[in-house]
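> Sharing a structure with you now.
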Amino acid sequence: MDASDQSRDCAPLAALLYDSGSLPGIADIVGAAQAAGRFSVTHVAPASDGWAELLRDGLTFDLSGLSGGARAGSPEVIHLLGVEPHMIEGCAALLLSPGPHLAGAEKLLPVIRVIAELVLQLSRVGEPKAICWIPAKNALSPALFAKAVSPWLDGGPFPALALAAIQRTSDGSVESEGLKFLTGQEFSLSSQSASSPEQLTRAAIRLIDWLVAHGPVTKAQKVNLAGTGAVFLEAQGSTRIVARCV
196 MDASDQSRDC APLAALLYDS GSLPGIADIV GAAQAAGRFS VTHVAPASDG WAELLRDGLT
256 FDLSGLSGGA RAGSPEVIHL LGVEPHMIEG CAALLLSPGP HLAGAEKLLP VIRVIAELVL
316 QLSRVGEPKA ICWIPAKNAL SPALFAKAVS PWLDGGPFPA LALAAIQRTS DGSVESEGLK
376 FLTGQEFSLS SQSASSPEQL TRAAIRLIDW LVAHGPVTKA QKVNLAGTGA VFLEAQGSTR
436 IVARCV
């Protein structure tokens with residue numbers, strides 16, 4: 196495998212942001228793989244290329260932006276959790292991409308689970324300032340990412356605030372971002388009652404979990420979300436859902 200074999204068909208999905216002077220190199224990644232035993236380094240490109248191929252659970256991924264090679268482009272970040280803008284300003288990024296053999300399968304939940312597990316392992320290399328899930332344009336502190344993702348990997352609810360994002364709009368409703376990568380649709384959620392912002396956000400988190408489990412909405416329907424009550428869903432075109440707490 197040479198540099199031309201690096202993931203051409205799969206865009207990066209996750210990024211780990213580091214202070215420029217503390218960006219890990221290939222020796223750090225190899226050492227972490229040997230110490231953890233949870234993944235392995237199956238190919239090392241020339242140092243000037245700054246990338247390596249990682250293997251976990253039979254799936255390969257490309258890690259680019261390693262120290263000694265070309266600096267990887269930083270992902271766009273809009274949503275911050277547990278980090279402040281100044282904390283990631285000027286940071287260098289390690290980018291994790293599904294390998295070429297996963298082209299077309301990178302949106303499958305089993306693949307995303309492996310990516311999330313691999314990111315957790317990589318977050319123990321050095322001291323990353325933040326972890327980004329690129330489809331959601333978010334950046335979380337490593338501690339919050341682990342707190343959100345670890346229960347899901349153990350069978351809990353989908354980590355809506357780690358692998359998607361929620362933002363409040365000027366009219367008081369909330370919108371998802373990054374859900375389209377998983378289900379093909381984003382949603383806007385409003386309430387017919389005097390729900391507090393916290394209640395609406397909680398309902399949005401539950402709705403993301405439900406939609407990831409059940410897939411796209413193709414017809415109007417009412418669903419009952421655990422702990423938050425009923426929500427009416429209606430598809431608006433093929434890529435958007437209008438949702439209302441009822």
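Each number in the numbering used here corresponds to the 1-based position in the sequence shown with 195 added. Backbone N, C-alpha and C fix where the C-beta goes; we use that ideal spot for every residue, glycine too. Since the model is a prediction, treat every value here as computed from it, not as a measurement.
Considering residue 417, what are the terminal residues of the beta strand (DSSP E) in which it resides?
Run containing residue 417: 416-420, per the beta strand (DSSP E) assignment.
> Run the CB neighbour count on residue 441, radius 10 Å, all protein chains shown included, and call it buried at 16 or more, exposed below.
Answer is exposed; the Cβ neighbour count stays below 16.
> The alpha helix (DSSP H) that contains residue 399, what's its start and end?
Unbroken alpha helix (DSSP H) run through residue 399: 392-409.
> Taking the beta carbon of residue 419 as the centre, do at least 16 other beta carbons fall within 10 Å, making it buried, or is it exposed?
By the neighbour-count rule (16 or more Cβ atoms within 10 Å), residue 419 is not buried but exposed.
> Can you tell me whether residue 422 is buried or exposed, with buried defined as 16 or more other CB within 10 angstroms of its CB?
Exposed, because fewer than 16 other Cβ atoms sit within 10 Å of the Cβ of residue 422.
> Count the other C-beta atoms from every protein chain shown that fall within 10 angstroms of the C-beta of residue 294, then say buried if there are 16 or more, exposed otherwise.
Its Cβ being crowded by 16 or more others within 10 Å, residue 294 is buried.
> Is residue 292 near residue 252, with beta carbons less than 8 Å apart?
No.
> Which whole-angstrom value is the C-beta distance of residue 384 and residue 368, which I expect to be below 8 Å?
6 Å between Cβ atoms; contact.
> Please name the residue or residues paired with residue 362 in a DSSP beta bridge.
Paired residues: 370.
> In this structure, does DSSP put residue 303 in helix, strand or coil?
Coil, per DSSP.
> By how many angstroms is the C-alpha of residue 346 removed from the C-alpha of residue 404?
Their Cα atoms are separated by approximately 13 Å.
> Could you have a look at residue 388 and say whether DSSP puts it in helix, strand or coil?
Of the three classes helix, strand and coil, the one that applies to residue 388 here is coil, per DSSP.
> Indicate whether the contact test is met: 3 or more Cβ pairs, each with one atom in the region 312-322 and one in the region 211-231, closer than 8 Å.
Cβ pair count under 8 Å is three or more, so yes.
> Starting from residue 437, follow its DSSP beta bridges and name the residues at the other end.
Paired residue(s): 383 and 429.
> Given this structure, state the Cα-to-Cα distance separating residue 434 from residue 226, to the nearest angstrom.
Cα to Cα, residue 434 sits roughly 43 Å from residue 226.
> Less than 6 Å between C-beta atoms, sequence neighbours within five positions excluded: which residues of the same chain meet that for residue 429?
415 and 437.
> Contact between the region 294-308 and the region 269-281 is defined here as three or more beta-carbon pairs at a separation below 8 Å; is this criterion met?
Result no; under three Cβ-Cβ pairs closer than 8 Å.
> Report the three-state DSSP secondary structure of residue 320 (helix, strand or coil).
Looking at residue 320 - three-state DSSP - the assignment turns out to be coil, as it is neither helix nor strand.
> Roughly how many whole angstroms lie between the Cα atoms of residue 375 and residue 354?
Roughly 15 Å between the two C-alpha positions.
> Whole angstroms is fine: what's the gap from residue 243's alpha carbon to residue 356's?
Cα to Cα, residue 243 sits roughly 35 Å from residue 356.
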